[in-house]
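Peer 1:
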Amino acid sequence: MSDERNKPLSREKLTDINSEWGHKPEDHFGYASEEERLAKRGMEDWELVNSIPESQKPVPKWFFGVVLVVLLVAIGLSFPFWGDRAGYERDWVNWGFVVAIVYIG
Numbered sequence: 083m084s085d086e087r088n089k090p091l092s093r094e095k096l097t098d099i100n101s102e103w104g105h106k107p108e109d110h111f112g113y114a115s116e117e118e119r120l121a122k123r124g125m126e127d128w129e130l131v132n133s134i135p136e137s138q139k140p141v142p143k144w145f146f147g148v149v150l151v152v153l154l155v156a157i158g159l160s161f162p163f164w165g166d167r168a169g170y171e172r173d174w175v176n177w178g179f180v181v182a183i184v185y186i187g
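Quick note, this note's numbering runs 82 ahead of the 1-based positions in the sequence shown.
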């Protein structure tokens, strides 16, 4: 039994699948139905590209607000009057601000 499973298929049994953009073959790529093909194989690239605008929702406005608040808190905490040891002075602006701006941008 295991010998039959490990035996490679002959060239006569294998067929080439010519997948074209925007074309669904009549044989469902060898599956019994379209539903079985979608369940086992998934969508083709062109089907994914065509279905993205239907399913994609815009980014909510509150998300931008949260990002802005986090950035403002991070900038505020980087100023030298929070969390410094007594007698240790820091610059107000250093290269970390430049790196952060490049990273955000």
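Ideal placement from N, C-alpha and C gives every residue a C-beta, glycine not left out.
What separation, rounded to the nearest whole angstrom, lies between the Cα atoms of E108 and R119?
Peer 2: Their Cα atoms are separated by approximately 12 Å.
Peer 1: Would you grab the beta carbon distance between W128 and W103 for me? Rounded to a whole angstrom, and I think it's under 8 Å.
Peer 2: Confirmed, Cβ separation roughly 5 Å.
Peer 1: For the alpha helix (DSSP H) containing S133, list its first residue and its last residue.
Peer 2: Residues 127-137.
Peer 1: Taking Cβ positions, are L153 and I186 nearer each other than 9 Å?
Peer 2: Yes, the Cβ-Cβ distance between L153 and I186 is below 9 Å.
Peer 1: For the ligand MN, is there a heavy atom less than 8 Å away from the beta-carbon of G112?
Peer 2: Ligands displayed in this structure: none; no statement on the ligand MN is therefore possible.
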